[in-house]
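Numbering (the working numbering), first residue to last: -19 to 158.
The C-beta atom is built at its ideal place from N, Cα and C for all residues, glycine as well.
Because the structure is a prediction, the values reported are computed rather than measured.
Shown next as structure tokens:
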């Protein structure tokens, strides 16, 4: 069980960063921020080290309060690929999003091959699936790194209550694909 005291930011449950071959199984998350946030470095550090997070399996987990159940980003400059989420439960009016991808032109990164299946979402406050290429962490840095988001596969995701089912925000010069 991973439970944060308080509901403020920066108290993620678990942040695999620049990791390979990770299994997260049979866990309970109740956090003020992201339950699981997959990362791979922030801005120039992430591009310099350039180690993507890859081959991550999340299964049979329960997510309650937080900004997101499973999140890719926002510190994602080194990229992420091959993330599998299955057989999970997400349910709380204080869980903003079930499945979330967040990046921007300062972070960049290639985010690809996300597979989600058999997820039951009772209630989330915002969106069941939220992809945001204009995520704004209020920082000044070079904004010339176009993110790439591609190959997102979602099947058998059921939700009872949310403001949006799917909410996508791409860029004119970098589309969310496949």
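Check: Which first and last residues belong to the alpha helix (DSSP H) in which residue 22 is found?; Outcome: That residue, residue 22, is in no alpha helix (DSSP H); it is neither H nor E in DSSP.
Check: Starting from residue 58, follow the beta strand (DSSP E) in both directions and report where the run begins and ends.; Outcome: Careful: residue 58 lies outside any beta strand (DSSP E) and carries neither H nor E.
Check: Going by DSSP, what residue range makes up the beta strand (DSSP E) through residue 138?; Outcome: 128 to 141
Check: Roughly how many angstroms separate the alpha carbons of residue 88 and residue 55, rounded to a whole number?; Outcome: 9 Å
Check: Shorter than 7 Å, the distance from the beta carbon of residue 60 to the closest heavy atom of the ligand GTP, or not?; Outcome: Of the ligands one can find in the structure shown there are none, so the ligand GTP has no counterpart to examine.
Check: I'd like the span of the beta strand (DSSP E) that includes residue 8, first residue to last.; Outcome: 8 to 10
Check: To the nearest angstrom, how far is the alpha carbon of residue 126 from that of residue 3?; Outcome: 29 Å
Check: Taking the alpha carbon of residue 92 as the point to measure from, which residue in 153, 32 and 1 has its own alpha carbon closest?; Outcome: 32
Check: Between the C-alpha atoms of residue 15 and residue 74, what's the straight-line distance to the nearest angstrom?; Outcome: 12 Å
Check: Are the beta-carbon atoms of residue -19 and residue 121 separated by less than 8 Å?; Outcome: no
Check: Taking just the CA atoms, how far does residue 131 sit from residue 158?; Outcome: 5 Å
Check: Provide the residue(s) that pair with residue 107 in DSSP beta bridges, ordered along the chain.; Outcome: 77 and 144
Check: Pick helix, strand or coil for residue 29, following the three-state DSSP scheme.; Outcome: helix
Check: Using DSSP's beta-bridge definition, name the partner residues of residue 92.; Outcome: 61 and 130
Check: Using the beta-carbon count (16 or more within 10 Å), is residue 28 buried or exposed?; Outcome: exposed
Check: Apart from the five residues just before and just after residue 133, which ones in its own chain have a Cβ nearer than 6 Å to its Cβ?; Outcome: 95
Check: With distances taken between CB atoms, is the gap from residue -8 to residue 44 smaller than 8 Å?; Outcome: no
Check: Measure how close the beta-carbons of residue 106 and residue 138 come, nearest whole angstrom, since I'm counting them as under 8 Å.; Outcome: At roughly 17 Å, the Cβ-Cβ gap does not stay under 8 Å, so residue 106 and residue 138 are not in contact.
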